[in-house]
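Using this note's numbering, read the sequence shown as starting at 351 and increasing by one per residue.
Even for Gly, the Cβ is constructed at its ideal location relative to N, Cα and C.
Just so you know, these numbers come straight off a predicted model, no measurement behind them.
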Amino acid sequence: MQSESHEQLHLRRSRISDRWFMAGVYGATGLFVAIVAGLFVELYAGSSSSIHAFGFKFLTSSHWNPVTNQFGALPMIYGTVVSSLIAIVLAGFVGVFGAAYLVEFAPRAVARPLAFLIELLAAVPSVIFGLWGLFILAPVLRAYVEPFLQAKFGFLPIFQGFIFGSSLFTAGIVLAIMIVPTVSAITRDVIAAVAREHREASMALGATRWETMARVILPGATTGIFGACVLALGRALGETIATTMVIGNKPAIAASLFQPAYTLASVIANEFTEATSDLYVSALIELGLLLFVVSLAVNGIARVLTWTVLRPAKAR
351 MQSESHEQLH
361 LRRSRISDRW
371 FMAGVYGATG
381 LFVAIVAGLF
391 VELYAGSSSS
401 IHAFGFKFLT
411 SSHWNPVTNQ
421 FGALPMIYGT
431 VVSSLIAIVL
441 AGFVGVFGAA
451 YLVEFAPRAV
461 ARPLAFLIEL
471 LAAVPSVIFG
481 LWGLFILAPV
491 LRAYVEPFLQ
501 AKFGFLPIFQ
511 GFIFGSSLFT
521 AGIVLAIMIV
531 PTVSAITRDV
541 IAAVAREHRE
551 ASMALGATRW
561 ETMARVILPG
571 ATTGIFGACV
581 LALGRALGET
591 IATTMVIGNK
601 PAIAASLFQP
611 AYTLASVIAN
621 EFTEATSDLY
631 VSALIELGLL
641 LFVVSLAVNG
651 IARVLTWTVL
661 RPAKAR
């Protein structure tokens, strides 16, 4: 009887502990949701003046003039989208093929140090990337790379015009370096999650390791790789300091990648302390609201795509 009472007491305590643990988990989750919702509400409230003054025209107008209180976000949207696309194209190519090499081909003595070095880039502060891009990368691009691209591909509008150094192209390269660790780390996990049976079946049919990678492993991991790229794109969209230091900070739309531009994050960082009118502040907050919504949507899509690949692998 005494042993039974001890067992019941232990069971009761375990149940109480489980309930407290579950309450803590749900409370933390609810707190996170409340913070996100609170951010959205505050941003919307702070940008209400701009929303009522400009409406949808705020997203389609290219006129940004604080002196006359005329604000249009299209140049900043253009700069954000183009610089992020340059970054994700470069980082996607390097990150995916680098991850494939590290998982399937590199010796362990080489793979581990290289993976560590790539992931170490994620720990470097963004201001360091900005300084490096401003004082080292931009002069090199201005003196060598951009003139070469203009000489060879100058018939394309994206490689025409005067070369400044601080430009969309420079910002895209800096962003690409910053998001490579995200693409590489997730892609390595996704490639490793592809069933070993698929590799063995391909090799048994006479395919080489490179053919197996190209025809079996990468196609099988496509959804997860796409999710990794979209998740990295979310970081590129919201990057502020590094982009501000190398993009040129000019609210204009130009076909050439060699021209200065502006992004949503950089205009907020540059001009928020200089905003002198309520409408000016509200317009900057609306830019933040737009960036917040886009970042949430991009990261949400990336998480869903990544989970669709990793969940079946974990179930096995």
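Q: For Arg-363, count neighbouring Cβ atoms within 10 angstroms of its own Cβ and tell me buried if that reaches 16, exposed if not.
A: By the 10 Å Cβ count, Arg-363 comes out exposed.
Q: Check Met-351 in the structure and name its three-state DSSP category.
A: Low confidence applies to Met-351: its pLDDT is 47, below 50, so where it sits in the model is not reliable, and the reading given next is rough at best. In the displayed model, Met-351 falls within coil according to three-state DSSP, outside both helix and strand.
Q. Looking only at C-alpha atoms, which of Gly-377, Thr-558 and Arg-538 sits nearest to Tyr-451?
A. Nearest neighbour of Tyr-451 by Cα position, chosen from Gly-377, Thr-558 and Arg-538, turns out to be Arg-538.
Q.
In this structure, how does DSSP classify Ala-604 when only helix, strand and coil are distinguished?
A. DSSP, reduced to helix, strand and coil, places Ala-604 outside both helices and strands of the structure shown, so it counts as coil.
Q. Applying the criterion that 16 or more other CB atoms from any shown protein chain within 10 Å of the CB defines a buried residue, is Asn-415 buried or exposed?
A. Burial call: exposed.
Q: Assign Glu-547 to one of two classes, buried (16 or more other C-beta atoms within 10 Å of its C-beta) or exposed (fewer than that).
A: So Glu-547 ends up on the exposed side.
(Q) Going by DSSP in three states, Gly-422 sits in which element: helix, strand or coil? (A) The three-state secondary structure of Gly-422, taken from DSSP, is coil.
Q: Take Asn-599 as the anchor and find which of Arg-462, Glu-621 and Val-446 has the nearest alpha-carbon.
A: Ranking the options by Cα distance to Asn-599, first place goes to Glu-621.
Q: Identify the continuous alpha helix (DSSP H) that holds His-413 and give its terminal residues.
A: First-last for His-413: undefined, no H or E at that position.
Q.
Quick check on the DSSP output: what are the complete beta strand (DSSP E) runs of length 3 or more inside the region 529-584, in order along the chain?
A. Look at the region 529-584 and you find no whole run of beta strand (DSSP E) that is 3 residues long or longer.
**Q.** Gln-352 to Leu-361 span [Cα, whole Å]
**A.** Confidence at Gln-352 is low in this model, with a pLDDT of 48, below 50, so its placement is unreliable and no value can be given for it.
Q) Is there contact here, the region 458-469 with the region 570-577, by at least three beta-carbon pairs under 8 Å? A) By the Cβ test, the region 458-469 is not in contact with the region 570-577, since fewer than three Cβ pairs between them sit closer than 8 Å.
Q: Please report how far the alpha carbon of Ile-385 lies from the alpha carbon of Tyr-394, in whole angstroms.
A: Distance between the alpha carbons of Ile-385 and Tyr-394 is about 14 Å.
Q.
Suppose the cutoff is 8 Å on Cβ atoms and the five residues either side in sequence are ignored; what does the same chain contact list for Leu-634 look like?
A. Correct list, in chain order: Val-617, Ile-618, Glu-621, Phe-622 and Ala-625.
Q: Take Phe-512 as the anchor and find which of Pro-531, Ile-523 and Leu-491 has the nearest alpha-carbon.
A: Of the candidates Pro-531, Ile-523 and Leu-491, the one whose C-alpha sits nearest the C-alpha of Phe-512 is Leu-491.
Q) Whose C-beta lies closer than 6 Å to the C-beta of Ser-632 among residues of the same chain, with five residues either side of it excluded? A) Taking Ser-632 as the centre and dropping the five residues before and after it, the same chain places the C-beta of Ser-397, Ser-399 and Ser-400 closer than 6 Å to its C-beta, in chain order.
Q | Cβ neighbours of Gly-522 in the same chain (closer than 6 Å, five flanking residues each side left out) | A | Excluding residues within five positions, the ones whose Cβ falls inside 6 Å are Ser-433, Ile-436 and Ala-437.
Q | Residue environment, Ile-536, which counts as buried when at least 16 other CB atoms sit within 10 Å | A | Buried is the call here.
Q: Give me the Cα-Cα distance between Gln-420 and Ile-529, rounded to the nearest whole angstrom.
A: Their backbone Cα atoms lie some 34 Å apart in a straight line.
Q | Buried versus exposed call for Arg-369 [16 or more other C-beta atoms within 10 Å across all chains shown] | A | By the Cβ-count criterion, Arg-369 is exposed, with fewer than 16 other Cβ atoms from all chains shown falling within 10 Å of its own Cβ.
**Q.** Extent of the continuous alpha helix (DSSP H) run through Gly-480
**A.** Counting along the chain, the unbroken alpha helix (DSSP H) around Gly-480 starts and ends at 476-482.
Q.
Within a Cβ cutoff of 7 Å, which residues of the same chain sit near Leu-583, ignoring the five residues on either side of it in sequence?
A. Answer for Leu-583: Ser-434, Ile-438 and Val-648, listed in chain order.
Q: Would you please state the rounded distance, in angstroms, between the beta carbons of Tyr-612 and Met-426? I believe it to be under 8 Å.
A: Their Cβ separation, rounded to whole angstroms, is 5 Å, which keeps Tyr-612 and Met-426 in contact under 8 Å.
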